[in-house]
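>
Number of protein chains: 2
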Amino acid sequence: MDEADGLDVGRLQNHVGYALRRAQLAVFQDFIQTMEKVALRPAQYSVLLVMDTHPGLKQTEIAALLGIKRTNFVALIDELEHRGLAERAPSPTDRRSNALFLTKAGKALLARAEKTVAEHEQRLIGLIGVDGKRQLLGLLARLAELA
Amino acid sequence: MDEADGLDVGRLQNHVGYALRRAQLAVFQDFIQTMEKVALRPAQYSVLLVMDTHPGLKQTEIAALLGIKRTNFVALIDELEHRGLAERAPSPTDRRSNALFLTKAGKALLARAEKTVAEHEQRLIGLIGVDGKRQLLGLLARLAELA
DNA sequence: TATTGTTATACTCTATAACTATA
DNA sequence: TATAGTTATAGAGTATAACAATA
Chain A
1 MDEADGLDVG
11 RLQNHVGYAL
21 RRAQLAVFQD
31 FIQTMEKVAL
41 RPAQYSVLLV
51 MDTHPGLKQT
61 EIAALLGIKR
71 TNFVALIDEL
81 EHRGLAERAP
91 SPTDRRSNAL
101 FLTKAGKALL
111 ARAEKTVAEH
121 EQRLIGLIGV
131 DGKRQLLGLL
141 ARLAELA
Chain B
148 MDEADGLDVG
158 RLQNHVGYAL
168 RRAQLAVFQD
178 FIQTMEKVAL
188 RPAQYSVLLV
198 MDTHPGLKQT
208 EIAALLGIKR
218 TNFVALIDEL
228 EHRGLAERAP
238 SPTDRRSNAL
248 FLTKAGKALL
258 ARAEKTVAEH
268 EQRLIGLIGV
278 DGKRQLLGLL
288 ARLAELA
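Chains as they are written, first to last, in our numbering: chain A, 1 to 147; chain B, 148 to 294.
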């Protein structure tokens, strides 16, 4: 991952995409390690968080919101349901769709997860500062508009 | 990928890792589309660039520099060699290792690729400005230290 | 003994096609 | 006709183990 010896990646250093990939890898590695404590992968954590913010959304809506294909979302929600963290309830208005909710256990685990994530975020702030984080989020949001 | 209706991802919005992932996805999507013109994937492009900056490195060295496992590097360099863009030369000092070089065709394609990448980078600068890019690269480099 | 390149292999993510039941 | 959930499947990218040749 690093510059062995005195070698550098040359002109690659000036590429936004390359810098993004390396930073994302490093940050995710720390995040994943952090979340081993609650046995949640990044995608699972993000789904729990969205279910907490918007209870009762259907699968397609959460998947679209997070950029997950609805077809890949099935196994993801299956696992959360089998672990007793989330539940599929029948939608009152549309018998095709499931309304998704956190269970009590899901809310409890999410609370623990968010505390752990806060420590992770503090580590990042230790590297770039509070102002750095604010700047970074602004810049990344503008880049994400490209999609 | 976007906020359908008025839905938002809630507290996820404040997570550096999430913002990094979304931005990286958007930037890579543009990059990959850009590079279809020269039929190079991001990893292939980065290898060509490093071979140009440091001619004669062995496989292990380039792989380590770019964070690629040497075992996965084999197929990558195979393809570049079969396309006539790179060549494995016998190392003068170590009969176990290959010294890697760009061919003429490889240098020519890389030159075309870099011009195309420059347009891609200009699009990004259009979103965040030259100062924004400079700030971003600095912040991302500091985050990458986490690895 | 350790390193270089290699093969085989497996696991995760992501992507597409096609089915069913409902709308 | 179109949509929600689902299954099956295929392709990237990435990870480990084990081997032959060489150091």
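Positions of the beta carbon are idealized from the N, C-alpha and C atoms, including for glycine.
Any beta carbon from chain B within less than 9 Å of A/Gly17's own beta carbon?
Numbered from its first residue, the first sequence carries residue 17 of chain A at position 17. Output row for A/Gly17: interface = yes.
> The beta strand (DSSP E) spanning B/Asp235 covers which residue range?
Taking the second sequence and counting its residues from 1, one reaches residue 235 of chain B at position 88. This sequence places Arg at residue 235 of chain B; Asp is not what is there. Residues 233–237.
> Can you give me the Cβ contacts of B/Met198 inside the same chain, cut-off strictly under 8 Å, excluding the 5 residues immediately before and after it?
Counted from its first residue, the second sequence places residue 198 of chain B at position 51. Here the set comprises Leu204, Ile209, Ala233, Leu247, Phe248, Leu249, Gly253.
> Taking Cβ-Cβ distances shorter than 7 Å, what residues in chain B pair up with A/Gly132?
Along the first sequence, one-based indexing puts residue 132 of chain A at 132. Leu286, listed in chain order.
> Beta-carbon of A/Gly67 versus every beta-carbon of chain B: anything under 9 Å?
For the purposes of this step, residue 67 of chain A is taken as the residue at position 67 of the first sequence. It does: the Cβ of A/Gly67 has a partner Cβ on chain B nearer than 9 Å.
> From which residue to which residue does the alpha helix (DSSP H) around B/Leu286 run?
Taking the first residue of the second sequence as position 1, residue 286 of chain B is located at position 139. Counting along the chain, the alpha helix (DSSP H) containing B/Leu286 begins and ends at 251–291.
> Give me the Cβ distance between A/Leu140 and B/Leu167, rounded to the nearest whole Å; I'm assuming they're in contact under 8 Å.
For the purposes of this step, residue 140 of chain A is taken as residue 140 along the first sequence, with counting starting at 1. For the purposes of this step, residue 167 of chain B is taken as residue 20 along the second sequence, with counting starting at 1. The pair is a contact, with the Cβ atoms about 6 Å apart (cut-off 8 Å).
> Checking 9 Å against the spacing of the C-beta atoms, do A/Ala113 and A/Leu40 come in under that value?
Mapped onto the first sequence, residue 113 of chain A falls at position 113. Mapped onto the first sequence, residue 40 of chain A falls at position 40. Yes, Cβ-Cβ distance for A/Ala113 and A/Leu40 is below 9 Å.
> Taking 8 Å as the threshold, find out whether the stretch 273–291 of chain B comes into contact with the stretch 10–27 of chain A through three or more Cβ pairs.
Yes, the stretch 273–291 of chain B touches the stretch 10–27 of chain A.
> From the beta carbon of A/Ala39, is the nearest beta carbon of chain B less than 9 Å away?
Numbered from its first residue, the first sequence carries residue 39 of chain A at position 39. Chain B contact via Cβ: absent.
> Between the alpha carbons of B/Ala294 and A/Pro90, how many angstroms are there, rounded?
Here the question's residue 294 of chain B lines up with position 147 in the second sequence. Here the question's residue 90 of chain A lines up with position 90 in the first sequence. For B/Ala294 and A/Pro90, the distance between alpha carbons rounds to 44 Å.
> Can you list the residues of chain B that A/Gly56 reaches, using a CB-CB cut of under 8 Å?
The residue given as residue 56 of chain A occupies position 56 in the first sequence. Under the 8 Å cutoff, chain B gives no residues; its nearest Cβ is about 12 Å from A/Gly56.
> Along the alpha helix (DSSP H) that carries B/Arg168, what are the first and last residues, could you check?
For this step, residue 168 of chain B is matched to residue 21 along the second sequence. Counting along the chain, the alpha helix (DSSP H) containing B/Arg168 begins and ends at 163–182.
> Thinking C-alpha only, which one of A/Arg123, A/Thr93, A/Glu145 is nearest B/Gly94?
Residue 94 of chain B is absent from the model: chain B starts at 148 and stops at 294.
> Can you tell me whether A/Ile128 is buried or exposed, with buried defined as 16 or more other CB within 10 angstroms of its CB?
To locate residue 128 of chain A, count along the first sequence from 1; it is residue 128. Classification for A/Ile128: buried.
> Considering only residues of the same chain and omitting the five flanking positions on each side of A/Leu80, which have a CB-CB separation below 6 Å?
The residue you call residue 80 of chain A lines up with position 80 of the first sequence. Contacts found: Ala86.
> DSSP on A/Ala64, reduced to helix/strand/coil?
As a position in the first sequence, residue 64 of chain A is number 64, starting the count at 1. In this structure, A/Ala64 counts as helix in the three-state DSSP scheme.
> Taking CB distances under 9 Å as the criterion, tell me whether A/Leu143 reaches chain B.
Position 143 of the first sequence, counting from 1, holds the residue named residue 143 of chain A. Yes, A/Leu143 counts as interfacial toward chain B.
> What's the gap between the Cα of A/Val130 and the Cα of A/Arg95?
On the first sequence, residue 130 of chain A is found 130 positions in, with the first residue counted as 1. On the first sequence, residue 95 of chain A is found 95 positions in, with the first residue counted as 1. The alpha-carbon atoms of A/Val130 and A/Arg95 are separated by roughly 47 Å.
> So who's on the other strand from A/Ala99, going by DSSP bridges?
As a working note, residue 99 of chain A is residue 99 in the first sequence. Paired residues: A/Lys58, A/Ala89.
> To be precise: take each residue of the stretch 78–96 of chain A, compare its Cβ to all Cβ atoms of chain B, and keep it if any distance is under 7 Å. Which residues remain?
Cβ contacts with chain B: none found.
> I'd like to know if B/Gln282 contacts chain A, where contact means its C-beta is closer than 9 Å to some C-beta of that chain.
By one-based count along the second sequence, residue 282 of chain B stands at place 135. With 9 Å as the cut-off, B/Gln282 counts as an interface residue toward chain A.
> Going by CA-CA distance only, name the one from B/Gln171, B/Asp177, B/Gln191 that's closest to A/Phe28.
Residue mapping note: residue 28 of chain A aligns to position 28 of the first sequence, counting from 1. The shortest C-alpha separation from A/Phe28 is found at B/Gln171.
> Just to confirm, are A/Leu153 and A/Leu109 a CB contact at a threshold of 9 Å?
Outside the shown range of chain A (1 to 147) lies residue 153 of chain A, about which nothing can therefore be said.
> Beta-carbon of B/Val197 versus every beta-carbon of chain A: anything under 9 Å?
To locate residue 197 of chain B, count along the second sequence from 1; it is residue 50. Cβ-Cβ to chain A under 9 Å: yes for B/Val197.
> So with CB distances below 9 Å, who are the chain A contacts of B/Gly157?
Taking the second sequence and counting its residues from 1, the one referred to as residue 157 of chain B is at position 10. Within 9 Å Cβ-Cβ: Leu49, Val50, Asp52, Thr53, His54.
> Mind pulling the chain B residues with CB within less than 8 Å of A/Gln122?
In the first sequence, counting from the first residue as 1, residue 122 of chain A sits at position 122. Correct list: empty, because the minimum Cβ distance to chain B is about 11 Å.
> With a 10 Å radius around its C-beta and 16 neighbouring C-beta atoms as the bar for buried, classify B/Val221 as buried or exposed.
Counted from its first residue, the second sequence places residue 221 of chain B at position 74. With fewer than 16 Cβ atoms within 10 Å of its Cβ, B/Val221 is classed as exposed.
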